[in-house]
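Residue numbers (the numbering used here): 522 to 723.
We put the CB at the ideal spot given by N, CA and C, even for glycine.
Here is the structure we will look at.
Right, dumping it as structure tokens:
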């Protein structure tokens, strides 16, 4: 795939500018107290431009999630026939993380750290985060089960995916809380969970 064109690059820069402005205002003023008009003004765009990119202010915090999930699903679907359940699941998660690098959801970037702090500290956002996490887990579990017919049933697939997502989520939260490297915590969660997944899937 070639480099994105000028129009697409400009669109992405605008999305990042809006996200950066939103995160700054959410952290300094408060999520509930911040309006779309204020975010647009801080990003030097009109409210109409904001809504061209995001339907709501909550959507700013969950942008790109669908595209990232598609990467994980495609990785499972295109798996190596000789790969184990644990290897395929790990590959899917690492593909998602690799896709995040360099973008607004880069795990090592301050923007993503700010996003995660907000998701963990604002009650309404915690609920929305859990709902999206459940949806992601369900879709990944269905894909994993379909990739290993006769080896996994829906319950075992859901257990494996839920264990990995939960470990990554918990490890990432703890890393942020302790001021440690988020990426290292997530990588460690993947390694530990895959060892357990390999035992469970036998």
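- Residues 662 of the same chain have their beta carbon placed closer than 6 Å to that of residue 679, with the five preceding and five following residues left out of the count.
- Between residue 589 and residue 621, the C-beta spacing is below 9 Å.
- A straight-line Cα-Cα distance of about 43 Å links residue 558 and residue 681.
- CA-CA distance, residue 664 to residue 598, rounds to 7 Å.
- A distance of 9 Å or more separates the beta carbons of residue 705 and residue 689.
- The segment 536–555 and the segment 574–584 touch, with no fewer than 3 CB-CB distances between them shorter than 8 Å.
- The alpha-carbon separation between residue 549 and residue 632 amounts to approximately 14 Å.
- Counted as a single uninterrupted DSSP element, the alpha helix (DSSP H) harbouring residue 663 occupies residues 644–668.
- If you draw a 10 Å sphere on the C-beta of residue 628, you find 16 or more other C-beta atoms in it, and that means buried.
- Counting C-beta atoms within 10 angstroms of its own C-beta, residue 655 has fewer than 16 neighbours from the protein chains shown and is therefore classed as exposed.
- One thing to note: residue 692 has its Cβ no nearer than 9 Å to the Cβ of residue 676.
- Per DSSP, the continuous alpha helix (DSSP H) segment holding residue 591 begins and ends at 586–598.
- Distance from the CA of residue 546 to the CA of residue 568, rounded to the nearest whole angstrom, comes to 15 Å.
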